[in-house]
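Residue 202 is where the sequence shown starts when you use the numbering used here, and the numbers rise one by one after that.
The beta carbon of each residue, even a glycine, is placed where N, CA and C say it ideally should be.
In this text the structure is predicted, and so the values were computed from the model without any measurement.
For reference, the structure is listed below as structure tokens.
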Amino acid sequence: MALLPILHYPDPRLHTRATPVGNVDDEIRRLVDDMAQTMRAAVGIGLAATQVNVHKRVIVLDVSEDQQHLQVFINPRLVSSEGSVEREEGCLSVPGIYDQVTRAESIVVEALDRDGKLFTLRAEGLLATCIQHEMDHLEGKVFVEYLSQLKQNRIKNKLRKRARETL
Ligand code: GNR
Ligand code: NI
């Protein structure tokens, strides 16, 4: 397994729209395993392939307490969504920034698992928020784009400054 470097906002590559996976083969399974390792090392609860500069429709998640319950979503499709709820979000691609985002409260999503098998999942709570956050990444969208332009500019400047100082 390998740790993959995570892109940081405002990197323009984060705005790439990912393409569907044609075949869930060993190369995709290796990507899934590397993403899972990368997510755990970064202490995140989700990771989209976009964030590691691989523009394929692959997501890994683990919202469990013990961090032993990996969920894999390949070519995820939102089947339905209901209600709305505001929750504080963070993102491994926007380190140190947390803010409230309103999203659907419960969703039904269809995707392929690590074996290429189609499954349907109904999610609510943190899991529903996280799936929507990750599906946005695959569309090239970062959660800060839900915030005001003023906040987006402040976040960009802060992260650019930090990137300069750590080079
Ligand atoms: O680790 C993460 N925590 C989180 C918290 C609230 C809502 C969404 C997330 S996802 C984030 C990891 C990440 O950046 N995934 O793209
Ligand atoms: Ni994110």
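Applying a distance threshold of 6 Å between residue Cβ atoms and the heavy atoms of the ligand NI selects Cys292, Leu293, Ser294, His334 and His338, given in chain order. Lys359 sits in a helix when the DSSP states are folded into three classes.
With fewer than 16 neighbouring CB atoms inside 10 Å of its own CB, Ser285 falls in the exposed class. Annotation: the continuous beta strand (DSSP E) that includes Gly247 extends over Gly247 to Ala249. Set against 8 Å, the gap from the CB of Leu348 to the closest heavy atom of the ligand GNR is not smaller. Among the bridge pairs identified by DSSP, Ala324 is matched with Ile308.
Around the beta carbon of Asp235, a 10 Å sphere encloses 16 or more other beta carbons of the protein chains shown; the residue is thus reported as buried.
Not one heavy atom of the ligand GNR sits closer than 8 Å to the Cβ of Gln301.
In this structure, the alpha-carbon of His338 lies about 19 Å from that of Ser349. Taking a contact to require three or more Cβ pairs closer than 8 Å, the stretch 222–233 and the stretch 287–304 do not qualify as touching. The straight-line gap separating the alpha-carbon atoms of Leu208 and Leu313 is approximately 25 Å. For Pro211, the CB contacts under 6 Å within the same chain, skipping 5 residues up- and downstream, are Lys357 in chain order. Counting of Cβ neighbours within 10 angstroms places Asp267 among the exposed residues, the total staying below 16. With the rule of 3 Cβ pairs closer than 8 Å, the stretch 258–265 counts as touching the stretch 324–335. In this structure, DSSP gives Lys342 a state outside helix and strand, which the three-state scheme calls coil.
Under the three-state reduction of DSSP, Thr330 is assigned to helix. Burial of Met336 is indicated by the presence of at least 16 other C-beta atoms within 10 angstroms of its C-beta.
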